[in-house]
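Engineer: So that we are looking at the same thing, I have put the structure below in structure tokens.
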Amino acid sequence: MIDFHTHILPKIDDGSQKIGESMEMMRQEAAQKVEMVVATPHFYADQDSVHRFLKRREDSVSWLRQSLAGGSAPSLRFGAEVYYFPGIGSAELIRQLCMEETSVLLLELPFCQWTKEMFREIKTLIKRQQLTIVLAHIERYYAYQKDLTIWNEIFALPLYAQMNAGSFLHRQTRRLAFRLLEQMGTVVLGSDCHNTNSRPPNMQKGWEMIRKKFGEEKLSEIENLEKRLCGT
Ligand SMILES: [Fe+2]
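As structure tokens, this is what we get:
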């Protein structure tokens, strides 16, 4: 299967800080039978330019690729976790942050009550820029939505939801994670791993919990959607 959301590239964001750490994270992904890892470093438009980000990502990628050469690591794809900003809908450079060779953009929304403006910007990304939007770790925003009107409007758009494997593991978050997965039907899964200790790759444990609750069929649906979005 695919780990759709990771901070596994070395020294590019608040994820892995060392090449050795990235390699250990890749080893853990392989041990969990992850076949493809999508590297999605944070992109913040108020701190970075698309051009600078892509250059740093290229450097980080070639460093990791060189270090992994000859081994049997999962395949790597490159994208970004793009943080929302007002105006993102018409910012055409954003397309360059899609997962390579796709028009799939992993979008992180603010941790607050969602607004009409956010809905409009997402709609513009989909309709005008023709991007395929995947909303990152949807379960993490839910508690902020005291009014679910915009939440419902956003999920009525033709977009996809990503959930973190870890949300299915912890007692405090599991119930909501199961409920949202049921509501969404299908999602893509990511570990959102940042390191080897406090936020390690944990896809396998997440799949096991989902299998136990919903059966093998749900995992197949997730896998099919992930493969479709990755164009594999
Ligand atoms: Fe993330």
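With the first letter of the sequence shown counted as 1, position 15 gets the number 17 in the numbering used here; the numbers rise by one all the way through. Where is the CB? At the ideal position from N, CA and C, for every residue including glycine.
1. Check for me: the beta strand (DSSP E) holding asparagine 166 runs from which residue to which?
2. Given that a residue counts as buried once 16 or more other Cβ atoms are within 10 Å of its Cβ, and exposed if not, what is threonine 151?
3. Ligand 1 and alanine 138: does any heavy atom of the ligand fall closer than 7 Å to the residue's C-beta?
4. Between aspartate 5 and methionine 205, how many whole angstroms is the CB-CB distance? I'm expecting something under 8 Å.
5. Using beta-carbon positions only, say whether tryptophan 65 and proline 12 come within less than 8 Å of one another.
6. Closest to leucine 127 by CA distance: which of Ala93, Glu102 and Met27 is it?
7. Is glycine 17 buried or exposed, if buried means 16 or more other CB atoms sit within 10 Å of its CB?
8. Can you tell me where the beta strand (DSSP E) holding glutamate 94 begins and where it ends?
9. Who are tyrosine 85's beta bridge partners in DSSP?
10. Starting from the C-beta of serine 62, find all residues in its chain whose C-beta is less than 7 Å away, skip the five residues before and the five after it, and write them out in chain order.
11. Per DSSP, valine 63 forms a beta bridge with which residues?
12. Report the three-state DSSP secondary structure of glycine 192 (helix, strand or coil).
13. Comparing C-alpha positions only, which one of Lys220, Ile21, Thr188 and Ser193 sits nearest to glutamine 68?
14. Kindly examine ligand 1 and report whether one of its heavy atoms sits closer than 7 Å to the Cβ of aspartate 194.
15. At the level of alpha carbons, what is the spacing between glycine 192 and methionine 165?
16. To the nearest angstrom, how far is the alpha carbon of serine 24 from that of arginine 173?
17. Considering only heavy atoms of ligand 1, does any lie closer than 7 Å to the CB of histidine 53?
18. What's the C-alpha gap between arginine 81 and valine 136?
19. Can you tell which of Thr198, Pro203 and Cys114 has the C-alpha that lies nearest to the C-alpha of leucine 171?
20. Since phenylalanine 87 and aspartate 50 are thought to touch, with beta carbons under 8 Å apart, how far apart are those beta carbons, to the nearest angstrom?
Structural biologist: To lay it out plainly:
1. On the sequence shown, position 164 is the one that residue 166 refers to. Element bounds for asparagine 166: 162–166.
2. Along the sequence shown, one-based indexing puts residue 151 at 149. So threonine 151 counts as exposed.
3. By one-based count along the sequence shown, residue 138 stands at place 136. Result yes, Cβ under 7 Å from ligand 1.
4. Translated into the one-based positions of the sequence shown, residue 5 becomes position 3. Translated into the one-based positions of the sequence shown, residue 205 becomes position 203. Contact flag correct, Cβ pair sits at about 5 Å.
5. Numbered from 1 along the sequence shown, position 63 holds the residue referred to as residue 65. Numbered from 1 along the sequence shown, position 10 holds the residue referred to as residue 12. In contact: tryptophan 65 and proline 12 (Cβ atoms closer than 8 Å).
6. Within the sequence shown, residue 127 is the residue found at index 125, counting from 1. The closest CA to that of leucine 127, considering only Ala93, Glu102 and Met27, is found on Ala93.
7. For this step, residue 17 is matched to residue 15 along the sequence shown. So glycine 17 ends up on the buried side.
8. If you number the sequence shown from 1, residue 94 lands on position 92. Per DSSP, glutamate 94 belongs to no beta strand (DSSP E) and is neither H nor E.
9. Numbered from 1 along the sequence shown, position 83 holds the residue referred to as residue 85. Partner residues in the beta bridge of tyrosine 85, as assigned by DSSP, are Glu110.
10. Locating residue 62 in the sequence shown gives position 60, counting from the first residue. Within the same chain, serine 62 has close Cβ partners Leu11, Pro12, Lys13 and Ile14.
11. Translated into the one-based positions of the sequence shown, residue 63 becomes position 61. Partner(s): none; valine 63 has no beta bridge.
12. Against the sequence shown, residue 192 aligns to sequence position 190. Strand, per DSSP.
13. Mapped onto the sequence shown, residue 68 falls at position 66. It is Ile21.
14. Taking the sequence shown and counting its residues from 1, one reaches residue 194 at position 192. Aspartate 194 Cβ: within cutoff of ligand 1.
15. Locating residue 192 in the sequence shown gives position 190, where the first residue counts as 1. Locating residue 165 in the sequence shown gives position 163, where the first residue counts as 1. Rounded to the nearest angstrom, the two C-alpha atoms are 6 Å apart.
16. Counted from its first residue, the sequence shown places residue 24 at position 22. Counted from its first residue, the sequence shown places residue 173 at position 171. Cα-Cα distance, rounded: 28 Å.
17. As a first step, residue 53 must be located in the sequence shown, where it is residue number 51. No - ligand 1 has no heavy atom lying nearer than 7 Å to the Cβ of histidine 53.
18. The residue given as residue 81 occupies position 79 in the sequence shown. The residue given as residue 136 occupies position 134 in the sequence shown. Correcting the residue type first, residue 81 is glycine in the shown sequence and not arginine. Taken atom to atom, the span from the alpha-carbon of glycine 81 to that of valine 136 is near 12 Å.
19. The sequence position of residue 171 within the sequence shown is 169, counting from 1. Here the closest residue by C-alpha is Pro203.
20. On the sequence shown, position 85 is the one that residue 87 refers to. On the sequence shown, position 48 is the one that residue 50 refers to. With a beta-carbon spacing of about 11 Å, phenylalanine 87 and aspartate 50 fall beyond the 8 Å limit used to define contacts.
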